[in-house]
Structure formats: C-alpha cells, structure tokens
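With full-length UniProt numbering, letter number 107 in the sequence shown gets 107, and the count goes up by one each step, no holes. Just so it is clear, CB atoms sit at the ideal spot from N, CA and C, and this is done for glycine as well. Bear in mind that the values here come from a model prediction, so they are computed numbers and not experimental data. Encoded as structure tokens, the structure appears first; notes follow it.
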Amino acid sequence: MSGRHQPQPLGPFNPPGRVLFRLSFNVDNATEDDFDRFIQQVEQEILNHMRNPRYCGTAGAAVLPYCRPVEQPTGRRAPVQPVPRAQRRRVAPVLPVPRSQRTWFVIVLETRDRGTTYRVPFFIEAETVYLRGYQNQAGNLFEFAPDISRDHNLPARSYLGNAATALSFNCNYGDIVRSTAERTSSREDRRRAGDPGLILQPLPAGPPAPWERQRQQQQQGERPRRSPNFGQERLRVAVRELAQANNDSSQHRTAQNLLLVIVRFCESIRLRNVRREMVELWTVEPNSRDQQPSRGLSGAAILVINNWSTLSQNLLRHERNLGPWPTNGVAGIGTADEAQGIVVLVQFSGDPNEAGNRTPEWVNDDNADGRQGGPGAGRPGPSWGADAAAVTPPPVILDWYLVPEEPATEILGVLVPHQQSGVYGNITVTDCFGAQSAYSRDRAGYQRSSSGDSAELRLELNALNRAISAYGCFYIDVDLWSASTGQMLSKGRISWSRYNFWTNLCGYVLYKTIGQARLVYIVYRKAVQVAVTVTVDNGGDDDFAGAGGSFTATNTRLTKVLYNEPFLPPPARRPMVRAVRSDRGPHVVLYGEDVVAAPLEELLSVTVSLLPRGARRRVAATFELEPTEASGSTTKTSTLQQGGTVTVSFAWSLLPMGLSNYSAASDGQCLA
Numbered sequence: 001m002s003g004r005h006q007p008q009p010l011g012p013f014n015p016p017g018r019v020l021f022r023l024s025f026n027v028d029n030a031t032e033d034d035f036d037r038f039i040q041q042v043e044q045e046i047l048n049h050m051r052n053p054r055y056c057g058t059a060g061a062a063v064l065p066y067c068r069p070v071e072q073p074t075g076r077r078a079p080v081q082p083v084p085r086a087q088r089r090r091v092a093p094v095l096p097v098p099r100s101q102r103t104w105f106v107i108v109l110e111t112r113d114r115g116t117t118y119r120v121p122f123f124i125e126a127e128t129v130y131l132r133g134y135q136n137q138a139g140n141l142f143e144f145a146p147d148i149s150r151d152h153n154l155p156a157r158s159y160l161g162n163a164a165t166a167l168s169f170n171c172n173y174g175d176i177v178r179s180t181a182e183r184t185s186s187r188e189d190r191r192r193a194g195d196p197g198l199i200l201q202p203l204p205a206g207p208p209a210p211w212e213r214q215r216q217q218q219q220q221g222e223r224p225r226r227s228p229n230f231g232q233e234r235l236r237v238a239v240r241e242l243a244q245a246n247n248d249s250s251q252h253r254t255a256q257n258l259l260l261v262i263v264r265f266c267e268s269i270r271l272r273n274v275r276r277e278m279v280e281l282w283t284v285e286p287n288s289r290d291q292q293p294s295r296g297l298s299g300a301a302i303l304v305i306n307n308w309s310t311l312s313q314n315l316l317r318h319e320r321n322l323g324p325w326p327t328n329g330v331a332g333i334g335t336a337d338e339a340q341g342i343v344v345l346v347q348f349s350g351d352p353n354e355a356g357n358r359t360p361e362w363v364n365d366d367n368a369d370g371r372q373g374g375p376g377a378g379r380p381g382p383s384w385g386a387d388a389a390a391v392t393p394p395p396v397i398l399d400w401y402l403v404p405e406e407p408a409t410e411i412l413g414v415l416v417p418h419q420q421s422g423v424y425g426n427i428t429v430t431d432c433f434g435a436q437s438a439y440s441r442d443r444a445g446y447q448r449s450s451s452g453d454s455a456e457l458r459l460e461l462n463a464l465n466r467a468i469s470a471y472g473c474f475y476i477d478v479d480l481w482s483a484s485t486g487q488m489l490s491k492g493r494i495s496w497s498r499y500n501f502w503t504n505l506c507g508y509v510l511y512k513t514i515g516q517a518r519l520v521y522i523v524y525r526k527a528v529q530v531a532v533t534v535t536v537d538n539g540g541d542d543d544f545a546g547a548g549g550s551f552t553a554t555n556t557r558l559t560k561v562l563y564n565e566p567f568l569p570p571p572a573r574r575p576m577v578r579a580v581r582s583d584r585g586p587h588v589v590l591y592g593e594d595v596v597a598a599p600l601e602e603l604l605s606v607t608v609s610l611l612p613r614g615a616r617r618r619v620a621a622t623f624e625l626e627p628t629e630a631s632g633s634t635t636k637t638s639t640l641q642q643g644g645t646v647t648v649s650f651a652w653s654l655l656p657m658g659l660s661n662y663s664a665a666s667d668g669q670c671l672a
C-alpha cells in the first residue's frame with residue numbers, strides 16, 4: 001500500500017445558504033430497481049420541502065405520480081403516503097425561483113474498493129437541480145467555473161465559497177463535453193496517448209466499425225470520441241476517481257466523471273424518460289478494446305436533456321392559457337400531455353408578481369419531520385432514503401428574492417472587432433414598458449470605421465426616449481453585420497431578471513459576449529431617469545457657427561469603477577447635431593439630448609466638448625447634478641471664454657414601478 005493515496009475521513013460540509021436534505025446512495029450493491037427508487041425518493045424529498053406547491057398538469061390535482069405529502073394539524077409533514085393507482089396523475093411540481101439565500105440538497109455517492117470506502121458529496125442547487133460542485137475524500141472543494149452565458153461574466157460568484165477551487169470548465173454541457181478530451185502538448189502525443197473524450201449523442205445504428213478501420217483512424221489522427229458509459233461499474237470508477245483526484249492534471253477525467261453523474265442523477269430527477277433509460281443502462285458494460293458502451297442514451301433523451309428549460313416554459317404558458325402548444329415540436333414533443341409524461345420537475349419562468357404565475361416556496365422549518373442523520377454515513381447495500389438528514393439551517397430570510405427599490409439600467413457601450421469598412425444592424429431593448437431601438441442602421445447607412453479606431457469599434461448608440469426599467473426583467477436583442485463582407489457578427493439575446501439570484505446583480509459593471517459583440521452595462525438598484533438636453537448658443541460669434549461637439553454623461557459610482565477595469569470603454573460621447581434655429585433660438589447652433597439612468601444621491605456629471613471653427617483645441621464645460629428627490633428639473637448655463645454659452649437642462653423622475661405591459665413586452669419568459 002506504500003505510495004497509494006490514503007483517503008482521509010470526510011468531514012461534514014454544508015455549502016453557503018440552506019441545505020434542505022441529504023441522501024446517500026451506495027453504488028456497489030445497488031440494483032437498477034434500487035437506483036429507480038432512489039431517484040423517486042429524491043423527487044419526493046423535493047416536494048416534501050415545498051410550501052404552497054404549484055403543479056403543471058391535471059387542473060386542481062395535487063399529487064405526484066407515485067406519492068404525496070400529508071399535512072399534520074401542527075403543519076408538519078408526515079411520512080409519505082402512497083396514492084392509489086386510480087388516483088395517480090401525470091402532474092409536475094413547479095420549482096421555486098432562486099433566492100437571495102441559496103438552497104441546496106446533497107447526494108452522497110459511496111463505493112468500496114480494496115478495503116477503503118470512498119464517499120463523495122455532490123452539491124445540487126434545489127431550484128434548478130443543477131450540480132454546482134463536489135468535495136473529494138481529502139475534504140477539498142471543487143466547483144464549476146461560472147457560466148458566462150448565465151452569470152454575465154462579472155463578477156464571478158463562487159458557488160461553494162472562497163475555499164472552493166474552480167474547475168477549468170463550467171456546467172454548460174457544451175463546455176463539459178469539450179473538456180472531456182485530454183489536452184496534449186504535441187501532435188504525436190495526440191495520436192498515441194491523448195484521450196479523444198466523449199460526445200453526447202446517440203450511438204450509431206448497426207454493427208460497430210471494423211477494428212482495422214478504427215486503427216486507420218488512430219494512425220491518421222482521427223481518434224473518434226466515444227459515447228458515455230452510464231453503467232454501474234463506470235459509476236463506481238467515477239466515484240473513486242473524484243474522491244481521490246486533486247484535478248491538477250486530470251481535468252478531462254473529472255469532466256467525464258461529472259458528465260456521468262449529472263446525466264445519471266440530475267437529469268433523471270428532472271426527466272422521466274431519462275430515468276427509465278438510466279435504469280436500463282445500469283448493467284451496461286464497455287467494450288474491452290475501445291471502451292465504447294454497447295448501449296447509450298437515445299436521441300429522444302438527449303433532446304429533452306438539452307431542452308428542459310424550454311419545455312418548462314411551454315408547460316407554464318400552456319397551463320395559463322397564454323397560447324397553444326408550439327407547433328415546432330421542441331425536442332420532438334408535440335403536445336402538452338406528452339411533455340407532462342416526461343417532465344418530472346418544472347423550472348419556473350416569468351414574473352412571480354404577475355397574476356396567475358405564483359411561485360412556491362421552500363418550507364421554513366427543516367426539522368418538521370424530526371429526522372436527524374449524518375452527512376452520508378453509508379451502510380452495506382443501497383442506502384436510499386436511509387439517512388435523509390435534516391440539516392439545521394441558518395436564520396431564514398423571509399424575502400425570498402432581492403427586490404431593488406427603483407431599478408434602472410444603463411448601457412455603457414457595445415464593442416465589435418474593427419471592420420475594414422464598418423458595421424450595420426439593430427439592437428433593441430425590451431423591458432416591461434415596451435421596446436426601444438438602441439441601434440438601427442441598414443447596410444447603406446452603416447457606421448464607418450475610422451483609421452483611428454483601435455482593435456474594437458464602438459457603436460454609436462441611439463438616444464433613448466426613456467431609461468431602461470429593470471423592475472421585472474429586460475432583454476437586449478443584438479443583430480449586427482459586417483458592412484464589408486456581409487457576414488454576421490453577432491445575433492442573440494441577453495436577459496436580466498430581478499427574480500433570478502444569478503442575474504439580478506445591481507451596482508456592478510456587467511459584460512455579455514454575443515458572437516463577436518461585447519456589451520457592457522450596469523443595473524442601478526435605486527435610480528432615476530434623467531432627460532439631459534444640451535444647447536450651444538454662439539452669441540452671434542461666427543466661429544461657433546461651424547462648431548462641432550459632443551457630450552458625455554456619467555456618475556460618480558460609475559467613475560469609481562470605470563478606470564479600474566481593464567476591459568471597460570471610456571464614457572460614451574453623444575454627438576450633437578446642427579440645430580434648426582427657428583426651433584431652438586436665433587443663435588443656437590448645436591443641440592443634443594439623451595435619457596440616462598442615474599443613482600439617487602450621487603453626482604451625475606455632464607461634460608460638453610466643443611471644437612470651434614479654426615480652433616486647435618477643444619473647449620469643454622462640465623455640469624453636475626445630484627438628484628435627491630424622486631423628481632425635479634433644473635437648468636445650468638456656462639459662458640465660454642471664446643464667446644457663446646452652453647446650457648444643460650436636467651429633468652428627472654422615477655420610472656413607474658408597475659407591470660402594465662409585462663406580458664406583451666417579455667412574453668412571460670423572464671428567466672429565459
């Protein structure tokens with residue numbers, strides 16, 4: 001045994017927030033029926049910890065397919081009571097939305113090898129059933145890297161706390177599958193030793209390729225990826241490796257093992273057809289030569305795995321009669337009844353404050369059923385449900401989501417790679433009050449690139465008619481094209497929701513990359529919308545008659561972080577246009593306006609920059625406003641030494657904090 005890693009006793013660890021329950025599963029002596037019962041037990045525990053549950057399915061039904069909770073007079077839940085077969089319904093409980101305080105459940109997998117027991121706790125987010133991290137046998141914590149497509153790039157939040165080590169990949173399937181391939185240092189290594197990794201797709205029909213053909217592929221550097229093996233023996237290996245590995249040089253094996261755990265447990269909990277296939281694949285064994293399993297996941301199962309969120313949204317919309325079932329048949333599901341037969345747990349979407357779209361909550365008293373237990377101490381044989389430990393929680397936060405007071409959003413800039421000629425396209429911002437165009441150019445009127453542009457071109461955004469409300473949620477749709485090549489640069493959507501703990505970041509500069517475009521924005525928790533109007537009066541001086549100018553508007557909070565971030569662009573300059581004198585005054589030569597979001601009780605600074613005709617230097621004037629009330633207006637004027645005056649008018653007000661046009665604006669998919 002010398003030189004062999006000696007596992008250390010696993011100390012109890014609870015991730016930051018609140019642990020609803022903990023269940024252990026012994027892989028060694030379990031059968032496929034034991035696995036099936038374990039998954040059902042997890043589903044039932046999730047339901048038992050819900051308060052005011054909500055269901056998709058048969059109207060008015062309040063049962064699961066196999067069991068249901070029973071309320072005691074004290075409000076505590078009694079053990080699960082079986083439901084008569086005649087009363088069973090295909091209904092699915094709706095999961096709560098993410099809270100300001102994290103909510104977890106823990107699955108502990110255990111196996112025994114050569115006299116040593118290995119236990120690995122996996123920490124799963126209760127509102128999404130997403131695996132976020134695990135703990136190895138030595139007590140080290142490992143977590144997925146933040147998913148930039150969901151976590152908006154900045155700031156990077158730790159799932160398990162500061163003591164956790166981030167893996168080199170996030171929890172997105174695409175990133176995990178890519179990371180299952182071993183990275184080697186040379187082409188020769190890739191041919192001879194590099195593990196080509198896994199691919200999450202159905203096995204091809206028919207007999208396997210001849211061994212000679214596979215040898216030719218390896219000699220030509222075409223080592224094919226293999227499908228995951230979901231068998232019991234492979235799961236035992238995964239638990240042992242995760243328990244012992246420190247991930248210094250085995251990230252590809254970690255990715256392969258975590259992919260197995262996610263599909264076998266998390267997806268089985270969410271999706272009924274995946275659970276059935278995982279039961280059937282419990283005894284599958286790999287081929288001895290290429291480790292390719294003889295059987296794998298079906299195409300139907302992989303489709304629903306990749307579309308669980310969309311199916312959940314469709315079920316919620318169908319339940320509320322917001323429209324017919326989509327005719328495109330997402331994941332091959334053509335009817336709501338078919339979806340209800342597959343989806344076990346529904347992910348919440350939309351606005352909880354919207355009529356008819358309530359969200360359930362987790363119970364406040366975790367010790368309601370009186371159970372106690374350790375952090376996964378195993379016993380011979382399957383231990384499903386044997387030690388479902390109620391973990392004593394910290395004080396419960398009664399507000400289950402963070403509520404910004406008067407939230408508003410400011411787009412700080414949109415950057416694209418420098419193009420030979422320029423860029424055209426559209427950027428539309430949609431909030432609960434409707435849509436606004438932030439950028440709109442056709443190919444004939446594209447934005448030109450100048451010789452002074454750096455590696456990135458900053459788009460000249462349109463002035464908005466009002467600030468962007470973040471009261472419920474908002475979307476930014478981007479559709480940008482290269483004027484020189486006609487190729488697409490960026491097409492996609494970002495969303496922000498104050499009801500989603502992972503996206504409702506306030507007071508941070510946030511980044512989002514869509515295609516080749518990089519969008520920078522900030523959400524203020526308490527802000528007013530300020531209409532800024534700038535006019536330049538030449539005072540009869542002909543030098544200002546041909547002047548050009550622009551102005552910027554920024555606030556002290558933004559200035560504090562603006563120049564400390566290496567990726568932030570400088571404040572956007574809003575160009576001023578030639579004024580029609582009959583409208584603005586006999587001597588007004590330049591005019592500009594914009595609407596910006598400004599935090600209350602912080603300075604808003606407007607800097608006007610002018611270049612008089614024939615002058616070598618720009619003339620600048622700065623105006624400041626500190627809005628301390630919900631509404632107001634003021635006008636400030638500065639006389640320039642070169643002659644002429646600059647006048648800035650401020651008019652500010654709170655955005656109406658209502659959802660008058662929510663359904664039309666956001667289509668009820670706030671958490672998409």
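Between the stretch 461-474 and the stretch 521-529, are three or more C-beta pairs nearer than 8 Å? yes
Which two residues bound the contiguous beta strand (DSSP E) that contains W308? Taking the sequence shown and counting its residues from 1, one reaches residue 308 at position 308. Taken as a continuous stretch (DSSP letters only), W308 belongs to no beta strand (DSSP E), being part of the alpha helix (DSSP H) at W308 to E319.
On the DSSP letters alone, give me the boundaries of the beta strand (DSSP E) that S490 sits inside. To locate residue 490, count along the sequence shown from 1; it is residue 490. Its beta strand (DSSP E) spans residues M488 to S497.
Taking Cβ to Cβ, would you say E626 is nearer than 8 Å to E593? Here residue 626 corresponds to residue number 626 of the sequence shown, with the count starting at 1. Here residue 593 corresponds to residue number 593 of the sequence shown, with the count starting at 1. No, Cβ-Cβ distance for E626 and E593 is not below 8 Å.
Taking contact to mean 3 or more Cβ pairs, one atom from each stretch, closer than 8 Å, check whether the stretch 167-182 and the stretch 269-282 are in contact. no
What does the alpha-carbon distance come out to for the pair R320 and G356? Counting from one through the sequence shown, the residue named residue 320 turns up at place 320. Counting from one through the sequence shown, the residue named residue 356 turns up at place 356. One C-alpha to the other measures close to 7 Å.
Could you check the C-alpha separation between R518 and V414 for me, to the nearest Å? Sequence index remark: in the sequence shown, residue 518 carries index 518 (1-based). Sequence index remark: in the sequence shown, residue 414 carries index 414 (1-based). Cα to Cα, the separation comes out at about 6 Å.
Confirm, please, whether the CB-CB distance from T430 to A438 is below 8 Å. Looking up residue 438 in the sequence shown gives position 438. Looking up residue 430 in the sequence shown gives position 430. It is not a contact, given that the beta carbons lie outside the stated cut-off.
Close-in-space but distant-in-sequence residues of the same chain around R236 (CB under 8 Å, 5 per side omitted): As a position in the sequence shown, residue 236 is number 236, starting the count at 1. These residues qualify, in order along the chain: V27, D28, T111 and D113.
Enumerate in chain order the residues of its own chain whose CB-to-CB distance from G548 is below 6 Å, with the five nearest sequence positions on each side excluded. Locating residue 548 in the sequence shown gives position 548, where the first residue counts as 1. So the qualifying residues of the chain are L611.
Does the Cβ of E285 have 16 or more other Cβ atoms within 10 Å, making it buried, or fewer, making it exposed? If you number the sequence shown from 1, residue 285 lands on position 285. By the neighbour-count rule (16 or more Cβ atoms within 10 Å), E285 is not buried but exposed.
The alpha helix (DSSP H) with E125 in it runs from where to where? By 1-based counting over the sequence shown, the position of residue 125 is 125. Careful: E125 lies outside any alpha helix (DSSP H), inside the beta strand (DSSP E) at T116 to E125.
Mapping the DSSP letters down to three states, classify F21 as helix, strand or coil. Locating residue 21 in the sequence shown gives position 21, counting from the first residue. F21 falls in the strand class under three-state DSSP.
Is the beta carbon of A572 less than 8 Å from the beta carbon of L461? For the purposes of this step, residue 572 is identified with residue 572 of the sequence shown, where counting begins at 1. For the purposes of this step, residue 461 is identified with residue 461 of the sequence shown, where counting begins at 1. Against a cut-off of 8 Å, the Cβ pair of L461 and A572 comes out as a contact.
Helix, strand or coil for G332, going by three-state DSSP, please let me know. As a first step, residue 332 is located in the sequence shown; it is residue number 332 there, counting from the start. Helix, per DSSP.
Could you give the residue range of the alpha helix (DSSP H) that holds I46? If you number the sequence shown from 1, residue 46 lands on position 46. Here the alpha helix (DSSP H) through I46 covers E32 to N48.
Roughly how many whole angstroms lie between the Cα atoms of Y591 and V577? The count along the sequence shown starts at 1 and reaches residue 591 at position 591. The count along the sequence shown starts at 1 and reaches residue 577 at position 577. Cα-Cα distance, rounded: 5 Å.
Would you say R618 and S605 are within 8 Å of each other, going by their C-beta atoms? Within the sequence shown, the letter at position 618 stands for residue 618. Within the sequence shown, the letter at position 605 stands for residue 605. No, the pair does not count as a contact, with Cβ atoms beyond the cut-off.
Segment limits, alpha helix (DSSP H) that includes V429: Taking the first residue of the sequence shown as 1, we reach residue 429 at position 429. Careful: V429 lies outside any alpha helix (DSSP H), inside the beta strand (DSSP E) at G422 to D431.
When burial is assigned at 16 or more other CB atoms within 10 Å of the CB, is Q340 buried or exposed? Your numbering for residue 340 matches position 340 in the sequence shown. With 16 or more other Cβ atoms within 10 Å, it is buried.
Do D537 and T645 have their C-beta atoms closer together than 8 Å? Stepping through the sequence shown from its first residue, residue 537 is reached at position 537. Stepping through the sequence shown from its first residue, residue 645 is reached at position 645. Cβ distance < 8 Å, so D537 and T645 count as in contact.
Does Q420 pass the burial test, meaning 16 or more other C-beta atoms within 10 Å, or should it be called exposed? Looking up residue 420 in the sequence shown gives position 420. Exposed.
Which of helix, strand or coil does DSSP assign to W325? By one-based count along the sequence shown, residue 325 stands at place 325. If DSSP states are grouped into helix, strand and coil, W325 belongs with coil.
Does the distance from the CB of V120 to the CB of V239 come in under 8 Å? For the purposes of this step, residue 120 is taken as the residue at position 120 of the sequence shown. For the purposes of this step, residue 239 is taken as the residue at position 239 of the sequence shown. Taking 8 Å as the Cβ cut-off, V120 and V239 qualify as a contacting pair.
Within its chain, find whatever has a CB closer than 6 Å to the CB of R272; leave out the 5 residues flanking it on each side and keep chain order. By 1-based counting over the sequence shown, the position of residue 272 is 272. Around R272: I342 and V344.
Buried or exposed by the 16-neighbour rule on C-beta atoms within 10 Å, applied to M488: Along the sequence shown, one-based indexing puts residue 488 at 488. With fewer than 16 other Cβ atoms within 10 Å, it is exposed.
Secondary structure at R518, three-state DSSP: helix, strand or coil? Within the sequence shown, residue 518 is the residue found at index 518, counting from 1. Here R518 sits in strand by DSSP.
Exposed or buried, which one is Y134 when buried takes at least 16 other CB atoms within 10 Å? The residue you call residue 134 lines up with position 134 of the sequence shown. By the 10 Å Cβ count, Y134 comes out buried.
Just to confirm my understanding: we take V595, look at its own chain, exclude 5 residues before and 5 after, and list those with CB closer than 8 Å. What are they? Counted from its first residue, the sequence shown places residue 595 at position 595. Only A463, L464, N465, R466, A467, Q529, V530, A531 and V532 meet the Cβ criterion.
At which residues does the beta strand (DSSP E) containing N462 begin and terminate? Numbered from its first residue, the sequence shown carries residue 462 at position 462. Premise fails: N462 is in no beta strand (DSSP E) and is neither H nor E.
Given a threshold of 16 other Cβ atoms within 10 Å of its Cβ, counted over all protein chains shown, does T359 qualify as buried or as exposed? Within the sequence shown, the letter at position 359 stands for residue 359. Buried: at least 16 other Cβ atoms inside 10 Å.
Smallest Cα separation from G197: which of A145, G161, N246 and A255? If you number the sequence shown from 1, residue 197 lands on position 197. Selected option, being the one with the closest Cα: A255.
Looking at the structure shown, is E267 part of a helix, part of a strand, or coil, going by DSSP? The residue given as residue 267 occupies position 267 in the sequence shown. Helix.
Go through its chain and collect everything with a Cβ distance to E267's Cβ below 7 Å, but skip five positions before and after it. The sequence position of residue 267 within the sequence shown is 267, counting from 1. Around E267: V274 and I305.
When you compare the CB positions of V423 and S482, do they come within less than 8 Å of one another, or not? On the sequence shown, residue 423 is found 423 positions in, with the first residue counted as 1. On the sequence shown, residue 482 is found 482 positions in, with the first residue counted as 1. Yes; because the gap between Cβ atoms is below 8 Å, this pair is in contact.
Is it buried or exposed, P324, if we count other Cβ atoms within 10 angstroms and call 16 or more buried? As a position in the sequence shown, residue 324 is number 324, starting the count at 1. Result: exposed.
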